[in-house]
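Report on the following structure.
In my numbering, the protein residues as written are 190 to 476.
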């Protein structure tokens with residue numbers, strides 16, 4: 190099991206300082222989140238790349254459907270080169286909220302899913318091959334014309350930095366398209382959706398989580414994709430304020446998790462909240 194944490198709020202300088210502290214205290218990853226209007230996630234991660242040398246740097250998460258994929262590819266590959274190959278990007282459809290719809294109307298879940306699929310294909314294609322073309326409904330990519338300026342250098346991680354994808358397991362459904370999408374990439378963030386909610390304050394239980402992991406592993410095996418090196422993420426909070434999970438990190442590793450990411454979303458913004466985040470980082474990963 191590897192251990193990371195999400196910084197719920199900080200400016201770029203503060204985030205870079207917290208990332209360096211996390212590296213010093215033995216954490217394996219530090220994550221930020223993307224907003225439509227706020228601190229720019231990839232600028233923040235670039236700042237952290239300059240203050241660290243080992244810890245992985247990522248998003249939790251990136252609503253990839255609202256990005257032009259070539260813009261996202263430029264940002265991801267720039268920070269990956271700057272960090273010497275330490276970037277990981279988590280993607281999903283994104284949670285609609287007033288901070289999103291203030292600037293952009295909701296196109297609907299289907300359109301966002303289509304854009305996510307196409308956008309990831311374009312991102313991976315561009316980072317693997319400068320001459321990549323794509324005949325997409327939302328994102329057609331034409332051949333480079335004569336005299337066109339060259340693209341950026343390739344990212345440090347080849348063919349592209351790891352992409353973790355939200356996989357929403359829908360109870361009682363035979364077809365699981367969200368899990369199928371996650372199985373084709375580099376990691377899984379488990380989400381459970383159903384008519385019967387779990388207990389308030391919980392995300393999933395060990396049994397359900399293990400079932401989802403086994404399902405995705407079967408999908409990868411049938412597609413001829415390796416399981417070794419595939420990441421499986423638990424979004425957790427050891428304090429129990431944001432989400433309560435049964436057992437210990439070792440129990441979750443036992444059902445297939447490879448990353449335990451502390452998500453301290455319940456901490457209030459402001460100087461006192463930032464001090465509490467720093468205290469939790471200083472304490473090191475949970476046992």
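Note that the Cβ used here is the ideal one computed from N, Cα and C, for glycine as well.
Only a predicted model underlies this, so the values are computations on that prediction, with no experimental measurement involved.
So residue i and residue j are supposed to be a Cβ contact under 8 angstroms. How far apart are they, rounded?
| i | j | result |
| --- | --- | --- |
| residue 254 | residue 283 | 7 angstroms |
| residue 201 | residue 236 | 4 angstroms |
| residue 194 | residue 219 | 6 angstroms |
| residue 280 | residue 311 | Not a contact, Cβ separation roughly 13 angstroms. |
| residue 487 | residue 375 | There is simply no residue 487 to check, as the chain begins at 190 and stops at 476 in what is shown. |
| residue 225 | residue 288 | 6 angstroms |
| residue 392 | residue 432 | 5 angstroms |
| residue 203 | residue 463 | 7 angstroms |
Taking C-alpha atoms, which residue in the options lies nearest to residue i?
| i | options | result |
| --- | --- | --- |
| residue 449 | 457, 455, 456, 440 | 440 |
| residue 278 | 298, 292, 248, 295 | 248 |
| residue 228 | 258, 240, 218, 196 | 196 |
| residue 315 | 285, 303, 347, 286 | 347 |
| residue 428 | 472, 401, 445, 417 | 472 |
| residue 230 | 453, 275, 321, 246 | 246 |
| residue 334 | 345, 320, 344, 366 | 320 |
| residue 474 | 432, 394, 458, 426 | 426 |
| residue 438 | 291, 476, 410 | 476 |
| residue 411 | 458, 430, 373 | 373 |
| residue 259 | 304, 415, 238 | 304 |
| residue 430 | 409, 465, 415 | 465 |
| residue 484 | 362, 399, 398, 409 | Here the chain comprises residues numbered 190 to 476, so residue 484 is not present and cannot be evaluated. |
| residue 444 | 415, 361, 397, 457 | 397 |
| residue 366 | 339, 302, 462, 460 | 302 |
| residue 400 | 361, 291, 270 | 361 |
| residue 286 | 270, 382, 252, 339 | 252 |
Would you say residue i and residue j are within 7 angstroms of each other, going by their C-beta atoms?
| i | j | result |
| --- | --- | --- |
| residue 368 | residue 404 | yes |
| residue 243 | residue 212 | yes |
| residue 266 | residue 341 | yes |
| residue 240 | residue 199 | no |
| residue 424 | residue 452 | yes |
| residue 132 | residue 421 | No information on residue 132 is available, as it lies outside the stretch 190 to 476 that the chain covers here. |
| residue 192 | residue 216 | yes |
| residue 355 | residue 380 | yes |
| residue 343 | residue 276 | no |
| residue 418 | residue 345 | no |
| residue 470 | residue 250 | no |
| residue 238 | residue 268 | yes |
| residue 322 | residue 332 | yes |
Taking Cβ positions only, does residue i come closer than 7 angstroms to chain B?
| i | result |
| --- | --- |
| residue 280 | Chain labels in this structure do not include chain B; a single protein chain is all it has. |
Which runs of the alpha helix (DSSP H) spanning at least 4 residues fall entirely within the stretch 245-283, listed in chain order?
258-272
With a cut-off of 8 angstroms, do at least 3 Cβ pairs link the stretch 288-301 to the stretch 319-326?
no
Mind listing, in chain order, the continuous alpha helix (DSSP H) runs of no fewer than 4 residues lying wholly within the stretch 387-439?
395-411
Which full runs of the alpha helix (DSSP H) of 4+ residues lie inside the stretch 291-354, going along the chain?
298-317
Unbroken alpha helix (DSSP H) runs of length 4 or more, entirely within the stretch 441-467: which are they?
none
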